[in-house]
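Take a look at the structure below.
Protein chains: 2
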Amino acid sequence: MQYPLSSEKLDVAFMALADATRRSILARLTLGDANVMDLAAPFSMSQPAITKHLNVLERAGLISRTKVGRLRRCRAEREAISEVTGWLETYRQALTANFQRLDLLLETMKKQEKENQR
Amino acid sequence: MQYPLSSEKLDVAFMALADATRRSILARLTLGDANVMDLAAPFSMSQPAITKHLNVLERAGLISRTKVGRLRRCRAEREAISEVTGWLETYRQALTANFQRLDLLLETMKKQEKENQR
DNA sequence: ATATTGCATAACTAAATGGTTATATATTGA
DNA sequence: TCAATATATAACCATTTAGTTATGCAATAT
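Right under this line is the structure:
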């Protein structure tokens, strides 16, 4: 997990994830490798369109492709997906920590108020 | 955590995250609420540009805004960020599970090979 | 009462995105 | 050898994005 993820990498990764077709392709690939035609089959979309989506996913590092004869085998890149997840996770944790601090603060304030009322 | 996150929600959430300025704003907000001018300060960008970014973040549900006098207080939405993180996490887990199965398969195949050599 | 501050909105622009069809290329099958 | 298959590339188009400047408007300060 070579942190930190560069800003440019995050740009392209999140952009790649911001499309339902690409997320669906990625979901399919979590089940196992597939070639382009396999991936295109579920969609009512031209083959070049799918190739474009695969280009986007590959540029984002979320998938890799290797030529096997006239096929091109696509594979989800576990490590890249873990990295993006990790990045988001740190944000979630920061917010949660902040939220808990705030909770604590409110608690303290309430107690203080009671003190003052006595 | 009201799963599942709709496809449209994921579209706008990931799109919102696919921009360094917006991620930076979000990072700032993990430290605590801020108004628009505070958020705009670090950037060499016009105020309307920041307002647009905030609109994108709000449409994605990643922040909320409330009017306080002539200020507008912005807050990171912990729950929404958790949801997106959770969504990605399921992918990561699916891939990891698959990866481990593959590992096991390779192991089995190696053993089988040795059997056959005897 | 008037000026200033903190925003939002409108109108515009350049570039990027997501799709199309037509075509090229390499590999495999008959 | 020739046809079919799997995929990529090119050229094009409509829409969206990310920025700009100019302006409007409500809340606060003087």
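Same order as they appear, the protein sequences are chains P and X. The first sequence begins at 381 in this note's numbering and counts up one residue at a time. The second sequence begins at 381 in this note's numbering and counts up one residue at a time. C-beta: ideal position from N, C-alpha, C; glycine also. Quantities reported herein were computed from a predicted structural model and do not represent experimental measurements.
Practice problem: Using three-state DSSP, classify Ala456 (chain P) as helix, strand or coil. | Solution: As a first step, residue 456 (chain P) is located in the first sequence; it is residue number 76 there, counting from the start. Ala456 (chain P): strand per DSSP, three-state reduction.
Quiz item: Counting only beta-carbon atoms, is Arg445 (chain X) nearer than 8 angstroms to chain P?
Solution: By 1-based counting over the second sequence, the position of residue 445 (chain X) is 65. Contacts with chain P at 8 angstroms (Cβ-Cβ) do not include Arg445 (chain X).
Exercise. State the Cα-Cα distance for the pair Ala407 (chain P) and Leu451 (chain X), rounded to the nearest angstrom.
Key: Mapped onto the first sequence, residue 407 (chain P) falls at position 27. Mapped onto the second sequence, residue 451 (chain X) falls at position 71. Rounded to whole angstroms, Ala407 (chain P) to Leu451 (chain X) spans 43 angstroms at the Cα level.
Practice problem: Using beta-carbon positions only, say whether Asp413 (chain X) and Arg458 (chain X) come within less than 8 angstroms of one another. | Solution: Along the second sequence, one-based indexing puts residue 413 (chain X) at 33. Along the second sequence, one-based indexing puts residue 458 (chain X) at 78. No.
Exercise. List the residues of chain X whose Cβ lies closer than 7 angstroms to the Cβ of Val464 (chain P), in chain order.
Key: Sequence index remark: in the first sequence, residue 464 (chain P) carries index 84 (1-based). Within 7 angstroms Cβ-Cβ: Leu468.
Quiz item: Under a Cβ-count criterion, where at least 16 other Cβ atoms within 10 Å of its own Cβ denotes burial, should Arg439 (chain P) be classed as buried or exposed?
Solution: What you label residue 439 (chain P) is simply residue 59 of the first sequence in a count that begins at 1. By the 10 Å Cβ count, Arg439 (chain P) comes out exposed.
Practice problem: Check whether the Cβ of Leu385 (chain P) lies closer than 8 angstroms to any Cβ atom in chain X. | Solution: As a working note, residue 385 (chain P) is residue 5 in the first sequence. No, no contact with chain X.
Quiz item: So, does the CB of Arg498 (chain X) fall closer than 8 angstroms to a CB anywhere in chain P?
Solution: In the second sequence, the residue the question calls residue 498 (chain X) occupies position 118. Unreliable placement is indicated for Arg498 (chain X), whose pLDDT of 49 sits below 50; the coordinate value is still reported in the next sentence. No, Arg498 (chain X) lies away from the interface with chain P (no Cβ there is under 8 angstroms from its Cβ).
Self-check item: Span of the alpha helix (DSSP H), counted from its first residue to its last, around Arg450 (chain X)
Solution: Here the question's residue 450 (chain X) lines up with position 70 in the second sequence. Neither: Arg450 (chain X) is in no alpha helix (DSSP H) and is coded neither H nor E.
Self-check item: Backbone CA spacing between Phe423 (chain X) and Ser404 (chain X) [nearest angstrom]
Solution: Locating residue 423 (chain X) in the second sequence gives position 43, where the first residue counts as 1. Locating residue 404 (chain X) in the second sequence gives position 24, where the first residue counts as 1. Those two C-alpha atoms are separated by around 10 angstroms.
Quiz item: Within 8 angstroms (strictly less), CB to CB, does Asp418 (chain P) reach chain X?
Solution: As a working note, residue 418 (chain P) is residue 38 in the first sequence. Chain X contact via Cβ: absent.
Quiz item: Could you give the C-beta distance for Ala396 (chain X) and Leu434 (chain X), rounded to a whole number, given that I count them as a contact under 8 angstroms?
Solution: Start at 1 with the first residue of the second sequence, and residue 396 (chain X) comes out as number 16. Start at 1 with the first residue of the second sequence, and residue 434 (chain X) comes out as number 54. About 10 angstroms separates the two Cβ atoms, so there is no contact after all.
Quiz prompt | Burial state of Arg498 (chain X) (16 or more Cβ within 10 Å) | solution = Position 118 of the second sequence, counted from the first residue, corresponds to residue 498 (chain X). Any reading at Arg498 (chain X) must be qualified, since the residue scores a pLDDT of 49, below 50, and its modelled position is unreliable; no value is offered.
Quiz item: At least one CB of chain P closer than 8 angstroms to the CB of Asp391 (chain X): is that the case?
Solution: One-based indexing of the second sequence puts residue 391 (chain X) at position 11. Yes, because at least one Cβ of chain P sits closer than 8 angstroms to the Cβ of Asp391 (chain X).
Quiz item: Would Ile430 (chain X) count as contacting chain P if we go by Cβ distances under 8 angstroms?
Solution: Start at 1 with the first residue of the second sequence, and residue 430 (chain X) comes out as number 50. Not one chain P Cβ lies under 8 angstroms of Ile430 (chain X).
Quiz item: Counting only runs that start and end within the region 398–448 of chain X, where is the alpha helix (DSSP H) found for 4 or more residues in a row?
Solution: 400–410, 416–420 and 427–439
Exercise. Reducing DSSP to helix, strand and coil, say where Ser462 (chain P) ends up.
Key: One-based indexing of the first sequence puts residue 462 (chain P) at position 82. The answer is helix: DSSP assigns Ser462 (chain P) an H, G or I state.
Self-check item: Integer Cβ distance of Thr465 (chain X) from Leu468 (chain P), believed to fall under 8 angstroms
Solution: Indexing the second sequence from 1 puts residue 465 (chain X) at position 85. Indexing the first sequence from 1 puts residue 468 (chain P) at position 88. Yes, they are in contact, since the Cβ atoms of Thr465 (chain X) and Leu468 (chain P) sit about 4 angstroms apart, within 8 angstroms.
Self-check item: Distance CB(Tyr471 (chain P))-CB(Ile430 (chain X)) smaller than 8 angstroms
Solution: Working through the first sequence from its first residue, we reach residue 471 (chain P) at position 91. Working through the second sequence from its first residue, we reach residue 430 (chain X) at position 50. Contact flag unset, no.
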